[in-house]
Amino acid sequence: MPPDLAISPDFSLRDVNTFGIDARARAYLKLTRVEQLAQVMADPVLAALPRLLLGGGSNIVLTGDFDGLVLHMGIEGREVLGEQGGSVLVRAGAGENWHGFVQWTLAQGLGGLENMALIPGTVGASPIQNIGAYGAEVKDLFHSLTVVELASGRLRVMNAAACRFGYRDSVFKHAEGAGLVIVDVTFALPRAWAPNLKYAELAQEVAAAGLASPTAQQVSDAVVAIRRRKLPDPARIGNAGSFFKNPVVGGAQCAALLAAHPALVHHAQGDGSEKLAAGWLIDQCGWKGRSLGAAGVYEKQALVLVNRGGASGAEVLALARAIQADVLARFGVALETEPVFV
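So the sequence shown is numbered by the numbering used here: it starts at 4 and just counts up by one.
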């Protein structure tokens with residue numbers, strides 16, 4: 004085994020997943036340099052182990068111990084690369100904290116990412132999930148990223164088309180992306196910035212602050228205020244943020260649901276489909292504030308599942324399945340989970 008790889012055996016993962024689930028890994032390595040990936044793959048013992056790539060641990064539910072090697076992304080670095088076609092390119096290492104990176108871009112006088120402030124996780128995880136909030140998604144400001152192909156050790160730059168972004172989806176969540184490790188991400192932030200206030204809740208927050216022409220920092224502050232009111236702090240209550248995707252249904256199905264449930268929260272999409280509020284559906288099924296074992300639904304936001312203390316991954320999974328079954332039975336709508344179960 005390479006002597007400069009600080010491999011930790013029988014490692015507790017409780018402090019590196021935001022749900023706070025106490026599972027263990029057979030081996031653990033904090034990645035701080037790209038070269039470490041080549042060293043891992045060159046070692047026959049390490050290369051033969053099952054691998055789990057971990058970022059901020061905010062989009063994962065550990066259902067048991069992991070009998071393999073956890074590679075914990077910690078590659079840092081932030082830089083302004085220059086201008087290109089009316090945008091400013093900024094690059095960050097995959098291990099950078101996402102919210103910290105957003106605030107750094109704002110400190111450089113660059114807007115664009117502010118609607119996604121306070122989303123937990125790392126920069127490297129942001130394109131995997133195509134994270135988004137309040138009318139903005141990573142794909143809207145994405146330029147490119149660099150991956151290491153584990154099989155060959157080769158560095159490769161991928162553009163948006165190669166990443167195959169979808170709603171909370173990308174190539175990295177599918178078999179074709181399984182052997183790719185993101186090491187940095189580059190964003191194209193608009194030089195001519197304008198606030199994105201198309202989500203009513205955010206527009207109301209900005210208006211309530213008396214801001215007729217808000218700055219990007221002020222929009223970020225508004226987003227942070229909303230999220231802190233609605234969502235639990237993982238440092239205090241274990242959670243993985245929004246646990247279910249907002250389901251997208253056809254216009255006819257939405258119309259039928261509205262006839263039966265006039266208060267249904269829905270948002271029209273450009274293709275004629277409708278995005279439904281998963282939190283509203285779950286709330287209507289009576290799950291807000293309820294628990295199964297030590298796993299529960301957050302009292303202030305039904306879209307968030309929480310660890311009430313000592314929850315196992317199995318309990319979280321059982322709660323999620325019970326919620327899915329109830330929503331399907333009442334509304335005929337299938338909910339998909341956002342976190343990955345391991």
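Backbone N, C-alpha and C fix where the C-beta goes; we use that ideal spot for every residue, glycine too. Predicted model only: the values in this text are computed from it and were never measured.
What are the residues that DSSP puts in a beta bridge with residue i?
i: Pro-12; result: Ala-30
i: His-270; result: Lys-278
i: Gly-135; result: Glu-140
i: Thr-125; result: Asn-100
i: Ala-1; result: Because the chain in this structure spans residues 4 to 345, residue 1 falls outside the shown range and cannot be described.
i: Val-37; result: Beta-bridge pairing links Val-37 to no other residue.
i: Leu-57; result: His-75
Is residue i buried or exposed, if buried means 16 or more other CB atoms sit within 10 Å of its CB?
i: Arg-324; result: exposed
i: Pro-123; result: buried
i: Glu-140; result: buried
i: His-75; result: buried
i: Glu-117; result: buried
i: Leu-205; result: buried
Grab me the residues of residue i's own chain with a C-beta within less than 6 Å of its C-beta, minus the 5 sequence neighbours each way, in chain order.
i: Ala-50; result: Met-44
i: Gly-275; result: Gly-254
i: Gly-127; result: Gly-58, Met-76, Ala-97, Ile-185
Excluding the 5 residues flanking residue i on each side, which residues of the same chain have their C-beta closer than 7 Å to its C-beta?
i: Ala-195; result: Gly-89
i: Val-252; result: Ser-276, Glu-277, Leu-279, Val-336
i: Leu-158; result: Thr-149, Val-151
i: Ser-245; result: Leu-306, Val-307, Glu-341
i: Leu-121; result: His-102, Val-226, Val-227, Arg-230
i: Thr-35; result: Gly-77, Ile-78
i: Arg-293; result: Gly-299, Val-300
So for residue i, helix, strand or coil by DSSP?
i: Asn-100; result: strand
i: Asp-46; result: coil
i: Gln-207; result: helix
i: Ile-229; result: helix
i: Leu-52; result: coil
i: Glu-117; result: helix
i: Ser-245; result: strand
i: Ser-90; result: strand
i: Arg-81; result: strand
i: Ile-285; result: helix
i: Ala-215; result: coil
i: Val-2; result: No answer is possible for residue 2: the residues shown for the chain start at 4 and end at 345.
i: Ala-263; result: helix
i: Ala-197; result: coil
i: Asp-236; result: coil
i: Asp-70; result: strand
Quick one: what's got a C-beta closer than 8 Å to residue i's C-beta in the same chain, skipping five residues either side?
i: Gly-296; result: Ala-314, Ser-315, Glu-318, Ala-321, Leu-322
i: Gln-2; result: Limits of the chain in this structure are 4 at one end and 345 at the other, which puts residue 2 out of reach.
i: Gly-80; result: Arg-94, Ala-95, Gly-96, Glu-99, Asp-187
Within 8 Å: the Cβ of residue i and any heavy atom of the ligand GTP?
i: Trp-290; result: No copy of the ligand GTP appears in this structure; indeed no ligand is present at all.
Is any beta-carbon of chain D found at less than 9 Å from that of residue i?
i: Gln-256; result: Among the chains of the structure shown, chain D does not appear; only one protein chain is present.
>> Quick check for students: name the residue ranges of the beta strand (DSSP E) that lie wholly in the region 287-343, counting only runs of 3 or more.
In response: Within the region 287-343, the complete beta strand (DSSP E) runs of at least 3 residues fall at 298-300, 307-310.
>> For a minimum of 4 consecutive residues, which ranges assigned as the alpha helix (DSSP H) are wholly contained in the region 143-194?
In response: 163-166
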